[in-house]
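Residue numbers (numbering that gives the first Met the number 0), protein chains in the order written: chain E, 0 to 449; chain S, 0 to 449; chain L, 0 to 449; chain W, 0 to 449.
Protein chains: 4
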Amino acid sequence: MMGTTPKIAAPLDRPAPPSRPEPQEMAKKYLSIRAQSEALCRPLKIEDYGVQSMPDVSPPKWHLAHTTWFFERFLLMNFEKGYEPFDAHFHYLFNSYYKSLGPHQLRSERGLISRPTVEEVYDFRRHVDEHMLGLIQNSPEAAWTAMGFPLELGLHHEQQHQELLLMDIKHILFLNPLQPAYQETPGSHLSSIPREANDKIPTMKWIDFPEGLRTIGSPEEGFAFDNERPSHRVFLEAYRLASRPVTNGEYLEFIRDGGYRTPTLWLSDGWDTVLTQQWEAPLYWKAENGNWRSFTLAGFKPLRASEPVSHLSYYEADAFARWAGRRLPTEAEWEGAAAPEFRESLSSGNFLESNLFHPAPTGPKSSSGRMTQAFGDVWEWTGSAYLPYPRFRPFSGNFGEYNGKFMCSQMVLRGGSCATPKSHLRPGYRNFFQPHCRWQFSGVRLAENL
Amino acid sequence: MMGTTPKIAAPLDRPAPPSRPEPQEMAKKYLSIRAQSEALCRPLKIEDYGVQSMPDVSPPKWHLAHTTWFFERFLLMNFEKGYEPFDAHFHYLFNSYYKSLGPHQLRSERGLISRPTVEEVYDFRRHVDEHMLGLIQNSPEAAWTAMGFPLELGLHHEQQHQELLLMDIKHILFLNPLQPAYQETPGSHLSSIPREANDKIPTMKWIDFPEGLRTIGSPEEGFAFDNERPSHRVFLEAYRLASRPVTNGEYLEFIRDGGYRTPTLWLSDGWDTVLTQQWEAPLYWKAENGNWRSFTLAGFKPLRASEPVSHLSYYEADAFARWAGRRLPTEAEWEGAAAPEFRESLSSGNFLESNLFHPAPTGPKSSSGRMTQAFGDVWEWTGSAYLPYPRFRPFSGNFGEYNGKFMCSQMVLRGGSCATPKSHLRPGYRNFFQPHCRWQFSGVRLAENL
Amino acid sequence: MMGTTPKIAAPLDRPAPPSRPEPQEMAKKYLSIRAQSEALCRPLKIEDYGVQSMPDVSPPKWHLAHTTWFFERFLLMNFEKGYEPFDAHFHYLFNSYYKSLGPHQLRSERGLISRPTVEEVYDFRRHVDEHMLGLIQNSPEAAWTAMGFPLELGLHHEQQHQELLLMDIKHILFLNPLQPAYQETPGSHLSSIPREANDKIPTMKWIDFPEGLRTIGSPEEGFAFDNERPSHRVFLEAYRLASRPVTNGEYLEFIRDGGYRTPTLWLSDGWDTVLTQQWEAPLYWKAENGNWRSFTLAGFKPLRASEPVSHLSYYEADAFARWAGRRLPTEAEWEGAAAPEFRESLSSGNFLESNLFHPAPTGPKSSSGRMTQAFGDVWEWTGSAYLPYPRFRPFSGNFGEYNGKFMCSQMVLRGGSCATPKSHLRPGYRNFFQPHCRWQFSGVRLAENL
Amino acid sequence: MMGTTPKIAAPLDRPAPPSRPEPQEMAKKYLSIRAQSEALCRPLKIEDYGVQSMPDVSPPKWHLAHTTWFFERFLLMNFEKGYEPFDAHFHYLFNSYYKSLGPHQLRSERGLISRPTVEEVYDFRRHVDEHMLGLIQNSPEAAWTAMGFPLELGLHHEQQHQELLLMDIKHILFLNPLQPAYQETPGSHLSSIPREANDKIPTMKWIDFPEGLRTIGSPEEGFAFDNERPSHRVFLEAYRLASRPVTNGEYLEFIRDGGYRTPTLWLSDGWDTVLTQQWEAPLYWKAENGNWRSFTLAGFKPLRASEPVSHLSYYEADAFARWAGRRLPTEAEWEGAAAPEFRESLSSGNFLESNLFHPAPTGPKSSSGRMTQAFGDVWEWTGSAYLPYPRFRPFSGNFGEYNGKFMCSQMVLRGGSCATPKSHLRPGYRNFFQPHCRWQFSGVRLAENL
C-alpha cells in the first residue's frame, strides 16, 4: 500500500578519507590523543575513578575503558585478523548505548563496576594501543578504505570523552563533601591568558549581519559528525550578535535583580526546575556572607566578574536573555557569524590544551567590533533544538546510533569550551544537552533583531 | 555594562480588530461557542466531571470553570465598571498557569476540587454569560479598542478547551474500569462521511514541492495566536508529502514487523519510553485473540484499517516514519503544502462539528494527487520543535504567558483533528505536545526528500 | 522431611452464634446499621462522593458500595438460591483486598471509578437490602448455623467503614482548597457533653496497677474479630496510667518547647518523617498569627486546650511521651486498666452516635482517680506492635484475609473514638495503623513504671 | 498540669565494669578486634572499598573509618588530654546517625566519599590505634570508671560492623556485573565442619517447652546492649521448636509448590513486595536450566539442600512458616529454648571465626532432640517486633541514640550467623531488620503450639 520503497533507508556510507594517511603520522596522532585522556586522569586517586555522582556522570574509569572498547570493538575486531577481545565481559560493561550490539550495563549503574580495577583498565588500554599501533602501521593501503573512517571517528570519540572526563571529574569532586581541588594551580598556559588587573568588564558591542541565504553545516571533505551535515542553505533575517559572552558580573546583576524569583522571565519547565531544584545561581556557585565563590577544578575561588558565566542550563541562559531584553541566537546565526573567527581562535583561544579548564576573562579585544571568545571558554547555548539538518543521513551500520537517536528534547550549543580539545572542534560542530543540564561548561551570548 | 537597552522588551500590543464588531453578531458568536462547551458535557454524569485520570488531564468541570474564569478575569474585571467576582476563591481554583496573577491550584491536584459543585460551576457560567452579553451589547465603540482582542482570545481559548474536553473525557472514561461509552452512536453528521464498504485503503500518492523561499506563519490581519506570527520566509529544499495520513492498516504492518521490539527504529528517549511504559501499540488499542480493537468515544470498536492512525506519540510517529524509510515533514513543509487545501476542508473536513469525534476513513480522493485530510481527522506530528518564529513577540501583559513559555521540549503538530472546532483553525495554526504525549488525536503524514 | 503435618493449618471455624437470632430483631439491626452509613453521607454533594484525596483514603461512594458488596458476595451469593449479582463488574470494582476472590481495582485508583454513579450505588444498596431482608426473615433455622457469622461480620464491617467514612470525608474536605465544613453545627447530642466554661484542663492523675498475670483478649462468646482472640495470660510489671488522654493544651507545650525541632525526642523513622513531610503540628492544625486553629468536620475552629489532642501519628505520640518523661502503655496494660470502665462509657462516652465527630473536652471527673475517656473521643496509641496473639487462628475461608495479613509494621490503638459506632466496640477491640498515619482520630494516654 | 515530673527521664548510667580491666589484656583485645576488621577487607581491591550498592549498604571504607571515628569521638576526645582530631572533616563524614553530635553525611550518599582515600583511612586507623593503646595502657585506675564502658561499647560496635562488612561486601560483589568471588576457597576452618557426603537432610525433630513464666533478657553483670535489658519475666504458653533451621531443600519445596505465586500465604505488605520486586526466590539465588545456584562469598555455587536457607526477608520466613502449617517463634520462646545451648555453640558453632562466611550444612546431631545451630550459621527471624523491654532505659548521653530510636517497624532476629564474631554474641542478643531486608544472613526456625 505504501509503494515499493525499501523499509529502512540505507544510510549514506561516509566517503573514505581522500587518501591513505601516512602511518607514522597517524600512529603519532593516535598515541597523542590516547595519552591526553590518561594525562587528564593523573591527578585522580584510584578511589575517584569509580564514583558516579549522578546518573548523567560516568566514572572516570568507565570513560577510559569505554573509549578503548570503541577501538577494540570497531577496529580490532573488524580489521585485525583473529583478534581476541581482551576480556569478553567488557563488551557488556563498556558498551554505552549501542543497542544493535546487544545488552549493556545500565547507564545509571556504572558506579557499581568496581572490577575491573583501574590498573586492569590501564592494562586494557595498553593492550589495545599495542594492537592498534600494529594495525595502523601494518595495514595495507586497501584496508584503509574501510578502516580510515572508524579510526578517525574513534579518535574524535576519545576527544569527546576528554571533555566529559573534565566535566564529570569536576562534579565528582564537588559532590564529595571534602570538595578537593583537582589541580592546585592551573596549567602553565594560564599565564599567557590576558587578565585584567582591575577586572573591568569590557563593554559589550553589537555586530550586525544582514538578511539573506546562508550556507551552514560542515562541508563534505574532512572529518565531521553526521549531525553537522549536509551543509545546506538557511534564510536568515537581519540580526545582531554580542561581541563577547555574558560575564559573571552581568549574570550577578540578573541574580540581584531577582532573576531567580521572577517566574515571568522563565520558560514554564524552567520555572518548575528553579522551584524543585531550589536554584538560586549557576551550578558551582556559593554565596558566603554576600561574597560569591565558585567551585573550579582548582577548588573554590572568588567569583571573577570578567569571566564568561559558565555552568548555566538552557533555562537560565534563556531567562537571562529575556531579562536583558534580548534572545539567544539560532545556531545558523551563530555559525554564520562565528565561522570566520575559527582559524584565529586556534592560536589564541582557551581550549583544553591551555590546562586552565576554566573560562578565561574577557579581554579588551572584545570591544573591537569582532566576535571574540566564540570558540573555547564556554559552549554557547543557542535557541535551536537539536534536530536533523535537511537531508540528514546517519552514519552507516552501528555508527548510526552515534548521534541521530538523540535528536529530541535537546538544545544545540556551539563553539567549544575550555575543556574541548582544540583539534576536535570545527565551526560547524554541534553540541547538545537537555535544557536542564548544567554540569557542562556552558554560557550564553546574546542576540537581537536588527 | 550591557548598554542602555531596557531590561524587558515591551511585547508588541496586538492591533485592535480593524473595526468594532457588530454587537449582535458578536453576542451570537459568544453564545454559540459557550453553548458548544456545555453540549460536549451533556453525556457526562455529574461524577465524571470531577475525575483527573492523570496529571495531564483536567476534570471536565475544571475546563468549564476555567474558560469562564478567563472571561471574568480578563474582560469583566477590566471592562465592566464595579464588577464583583462571582466567587473570589475561583481566582485561585481556576487560574491555570498565569504566574503574573498570583498563586493557583496545582495542576496535578485539580481532581481534589469537589466543590464548587457542577451546578455551581454552571451557575458561574450563567452569571458570567449574562454580564458578558451586557458588556458586548452595551460597550461604547471606544471600549472595543481595548476589549476586542481579549474577547476574541477568550473565545478561541474556549474552543481550545473544547478539544481538550474531548481528549480528557476519552481518557477519563477509558481509565474507568467499566470503560463506558461517551455516546452510543456517533453524531448524525457521520453518515455523510464517505466510508469504504470493503475498507480498502487507497494507495498513498506523493506530491512534489520544489525548493525555494516560502512564507509561512499567520498574516497580521485577523485573529491568530502570537506563536503563529510573524509570517516570515523559510528556505525549503525540494520535498514530497504523502497524499494522506498513515492508516491503521499501515501502522499494523509496523507492529507486525516488530516495530515495538526494534530499538534501532526509535529515538533514544522513545525507546526508553517503550520499555518503561510497556508500549506495544498506540494508546487505546487492545488486542483480543489477535483482533485489534480501539477505544473510541463510542466505546471499544473493531479497528478499521482505512482510518488514519491516531493517538500516536511523537516517538511512535518518528519510529514509524523511519521504519517506512521516510521522515516527518517540517512544519514549514507542511504549511506550504497544506495551506491551499484549507478553504475546501472547511466544507468537507471532519472536525468537532461532525460530532463523530473520531478520524474518518481515508477516501478515494486521496489517490487523486491532492493533499487530503490535512485539516481535521488527526493532528499531524511534524519534525519541528515548538520554538519562536523569527521576531516573535509574545502577547502583551498577562497574555504573554499564554503560549511563549511553553516553547521548550515540545514538538509541533499541524492541521487540527476531529475534535477541533472548525472556526478555531487556521492554516498557520501550531499545536504542540511533549514527545511522549498521546492522548490527543494525533497521527502522522510521511515526507521524503526529492 | 518436615514430618506429616498438613501444609496449611485449618483455621478455626468460628462457633455459630449460640442460637438463631430473632429475625425481626436482626432485620431491624441490619436496617439501622445500613441507614447509619447513608446518614453519614447526607451532607455530601455528589461531587464529594468520588474523590480520593490520598491513596489511603477511599471515595465515600466506594465505601457505600464495598460494604454492600460484602453482603452480596458473602451472604446473598452463598445463601440465597439462584441469586444473580446486581452487576457482575462490581466484584472487580468493590472487592477491597481479598486476593482469594480474584483480581480487583487497585486501591490507589479508586478515584477513577466515576461510574457507577452515586445513584446507581444507592440502587445497589436498595437491591441488596431487599434481598438481605428476605434472607434474614425467611431463612430456616438450619441456615443460621452457616449464615449467622457472616451476617454479624458484615454488620461490624459496615460499622468499621462508618468510621472510615468520617475520617476520609474529613480529609477530602480538608484537601479541597475551599475547605468546606461537613456540618455547620455539631450534632444535638453535643449540648450534653460537659464543657468547661474557662477551658481549664483538669489535673492529670495517675492510677496504679500491681504486677501480675492478667488475662486479655476477647472471650469466646459473642462477636469479636479473630485478631482479639484467644484470650490469654500476660505477665505485667507494676505500672501507672494517666487518668485521661493528653490534651491540646499539653501538646502545645511540647510544640512550644521545640518538640518538632529536637531529633533526640523521636524515633529515627519518625524524625525522617518530620523532615520530609515538614511536620510542625498534628494533622489539621494551622497557626495563624500565633493562634492555632484546627480543621474539624464543622470547619476550622479555634483550638481548644481542654480537648484530647487528636490526629497524631505514632511517631508524634511516642515523641510526646518521651518529652514528658513517660512512655506509651502496652495494649495489655491498657486493656487491663480500661476494661472495667467499658460499660459505663456506653452511656457517657463520646462516640459516633453523639454526632459531634470531634473529641469532647476533658471533664472534672478525670481528676477523680478513675480512668476517663478511655472509650470514645480518641483512639489511644499503644506501644504494642499489631501482632497475632498466642494461638491466634484467622477466620476461616476468605475471611482469613480480613485481619491477619496486616499483622506487620503497624501499631495497636485502643478504645475507639468519636467516630466509632458504640455497638461496634469492645474492651478487647484492637485497631491498628502504620506509625506515620494520622488521619484517624488518634491521641495518646501516658504510662509509666511504678 | 502534668505534674512535676522532669521532662526527660534521666537514662540509667551503666555501671562501670566491676573492676579495672588488666591493661595488657585489654590492649591485646583491642588490637585483635581492630585487626579482624582489616583482615576482612584484605581480599578487596581499592576500587571495592568505595561502592555503595544500595542505600542500606555502606562502602567498606566507610565502615573502617566510622568504627575508628567512634573511638576517636567517644574515647580520645573525652579522655586523652589535648587530643586533636586526626581530621576535623571526619566528624561530618563518619558520624553515622548521632543527631546529638550535629549534622553528618547523608546515609544514601556515602558512595560519594572518594576522599579520604583508602590509604588515608588506614592512616586514620593507625593514628587512632596508637592513641588508644596509649590511653588503655596509661590511664589511671580512676579513669576507667568513665572510660571502661565506652571502650567496651566501641569494641562491640566494631564487631557489629564486621558482620555488616561481610554483608555489604557480598552485596557489592553481587551487583558488580562481573560478580567476582571475595575468596576463592573458604577458610581453613571449613574442613572441620561436618558435611554430609550425600547431602541428606536430617529429619526435623520437635522439642517441647511447658507453659510458665520465663525470665529473658541479658543480666546486669557483663556487657550487653541496652536493648537486651533489663531481664524480665514473660508468660509463655506451652510451645515446640524445631530442632534445626529450615534447609535450602525444604525451602525449594515451598518454591516448587508455588509459594511465590500464592498471595494467601503472605502478609499483605509481603505480597506487595513479591510483586513489585519480582521476587521468586531468596536473595542471591539464581535458576539456570532448572538448577539453582546461589551467590556466596566464594562466588556462585550449586545450591546445597542440607544447608540452612539464608537471605530470607521476614516476609519470606513468615510465608514459609504459614505454608508449613507452623509459625515463627517469639523471641522469648526462642531465648528460653536456645540459651542453654549457648556455651557449647562457642566451640562447635559456625561463626565469623570459621572464615566460611556461609551457613554450614545441618548435621546428624539435629535429629538428637537438642536444639542445634541456634547460634551461628543464620540469624533466625522471630515473630516479635523490635520494641523496648519493660523498664527499658537507653544508654546515657549520645549513646542513647545507639539502639532505642530504631524500635519501630523492625522485627527481631536471634542467634547470630556465620558472619557474627563469636565473642560479640550473647544468648540475649537482639538483632533487628525491617521486614523486607534480606541482605543479612537470615533464615528461619519453625515453632508451633503444643
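The C-beta atom is built at its ideal place from N, Cα and C for all residues, glycine as well.
Through-space distance from residue j to residue i, alpha-carbon basis
i: residue 237 of chain L; j: residue 448 of chain L; result: 7 Å
i: residue 157 of chain E; j: residue 435 of chain S; result: 33 Å
i: residue 83 of chain S; j: residue 35 of chain S; result: 26 Å
i: residue 280 of chain L; j: residue 269 of chain L; result: 13 Å
i: residue 346 of chain S; j: residue 372 of chain S; result: 12 Å
i: residue 212 of chain W; j: residue 234 of chain L; result: 8 Å
i: residue 177 of chain E; j: residue 124 of chain W; result: 19 Å
i: residue 134 of chain S; j: residue 122 of chain L; result: 46 Å
i: residue 2 of chain S; j: residue 109 of chain E; result: The predicted position of residue 2 of chain S is uncertain, since its pLDDT is 43 and thus under 50; a value taken from the coordinates is nonetheless stated next. So the alpha carbons of these two residues sit roughly 48 Å apart.
i: residue 207 of chain W; j: residue 254 of chain W; result: 29 Å
i: residue 384 of chain L; j: residue 200 of chain W; result: 36 Å
i: residue 147 of chain W; j: residue 219 of chain W; result: 15 Å
i: residue 112 of chain L; j: residue 48 of chain S; result: 12 Å
i: residue 461 of chain L; j: residue 249 of chain L; result: In the structure as shown, chain L begins at 0 and stops at 449. Residue 461 of chain L is therefore absent and cannot be evaluated.
i: residue 15 of chain W; j: residue 222 of chain W; result: Residue placement at residue 15 of chain W is flagged as unreliable, the pLDDT there being 48, under the threshold of 50; a coordinate-derived value is accordingly withheld.
Same chain, Cβ closer than 6 Å to residue i, neighbours up to 5 away in sequence not counted
i: residue 294 of chain W; result: 173 and 283
i: residue 189 of chain S; result: Because the pLDDT at residue 189 of chain S is just 42, under 50, the model does not fix this residue reliably, and the value given afterwards should be weighed accordingly. Excluding sequence neighbours, residue 189 of chain S sits near 355.
i: residue 107 of chain L; result: 54
i: residue 75 of chain W; result: 82 and 130
Rounded distance between the beta-carbons of residue j and residue i, thought under 8 Å
i: residue 93 of chain W; j: residue 126 of chain W; result: With 8 Å as the limit, residue 93 of chain W and residue 126 of chain W do not qualify as a contact, their Cβ atoms being about 14 Å apart.
i: residue 226 of chain S; j: residue 403 of chain S; result: 7 Å
i: residue 51 of chain S; j: residue 58 of chain S; result: 5 Å
i: residue 205 of chain L; j: residue 251 of chain L; result: In fact, because the Cβ distance is near 22 Å, the residues do not count as touching under 8 Å.
i: residue 161 of chain W; j: residue 351 of chain W; result: 6 Å
Beta-carbon contacts of residue i that lie in its chain and below 7 Å, excluding the five residues immediately before and after
i: residue 323 of chain L; result: 445
i: residue 426 of chain W; result: 334, 337, 338 and 341
i: residue 216 of chain E; result: 227, 228, 229, 230, 231, 388 and 427
Cross-strand partners of residue i (DSSP beta bridge)
i: residue 301 of chain W; result: W/292
i: residue 238 of chain L; result: L/208 and L/448
8 Å Cβ shell around residue i - same chain, five flanking residues per side excluded
i: residue 95 of chain W; result: 65, 103 and 106
i: residue 163 of chain S; result: 57 and 62
Below 8 Å, can you find three or more Cβ-Cβ pairs linking the region 326-336 of chain L to the region 410-420 of chain L?
yes
Contact between the region 139-159 of chain L and the region 69-81 of chain L: three or more CB pairs below 8 Å?
yes
Is the region 292-307 of chain S touching the region 254-272 of chain S, taking contact as three or more C-beta pairs under 8 Å?
no
Should the region 306-315 of chain E be regarded as contacting the region 429-443 of chain E, the criterion being three or more beta carbon pairs within less than 8 Å?
yes
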